[in-house]
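All letters in the sequence shown, in the order written, are residues 208 to 347 by my numbering.
Step one of this worksheet: look at the structure below.
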Amino acid sequence: MTERKPEMAQRPAPRVTPQTAAYWKAAHIGELLLGACAECGKLCHPPQSVCPFCWSSNVATRSASGRGRLNAFTLVYQSAVPAFRERLPYAIAYVELDEGLYMLSNLINCDPDKITVGMALKAVFEPLNEEAGAILFEPA
Ligand SMILES: [Zn+2]
208 MTERKPEMAQ
218 RPAPRVTPQT
228 AAYWKAAHIG
238 ELLLGACAEC
248 GKLCHPPQSV
258 CPFCWSSNVA
268 TRSASGRGRL
278 NAFTLVYQSA
288 VPAFRERLPY
298 AIAYVELDEG
308 LYMLSNLINC
318 DPDKITVGMA
328 LKAVFEPLNE
338 EAGAILFEPA
């Protein structure tokens, strides 16, 4: 769990729906959930009620390790959103999870000049409100 610096604006919170509530609540308590199909055994991210590979609705969730590698990134130098403007420049990271899935996130706690493709990352979580948390990554 990472704590937001008090002088920084809160990151925007996601719009939580009945379909995404468990995912965001898990992120709020420091857990990254994946969908796990009981029929074909494949994982998906984000978790979905229907498997995107075999269309089974027999899909559960499981925790990801929170570990992965940086597949690609871009640095952002301008933003009209105060919560992001305060964090400039920041890195948008395309992360390959150890489970073989990919997700977009932000890379934090890392000097932009030290970011390299392939670097080991671990998930960190920032509470956004009572029902959701941000899933971010930092160097492992
Ligand atoms: Zn499936």
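Beta carbons: idealized from backbone N, C-alpha and C, even for Gly.
Check                                                                   : Outcome
Contact test: GLU246 Cβ vs ligand 1 heavy atom, cutoff 7 Å              : yes
Beta-ladder partner(s) of GLU333, from DSSP                             : ALA341
Buried versus exposed, by CB contacts within 10 Å (16 or more), SER272  : exposed
Cβ distance (whole Å) where ASN313 is taken to contact ALA298 below 8 Å : 6 Å
Residues bridged to TYR297 (per DSSP)                                   : VAL283
Proximity test, SER264 beta-carbon vs ligand 1 heavy atom, cut-off 7 Å  : no
CB contact flag (LEU277, SER286, <8 Å)                                  : no
Cβ-heavy atom distance, PHE344 to ligand 1, below 7 Å                   : no
Collapsed DSSP secondary structure at ALA327 in the structure displayed : strand
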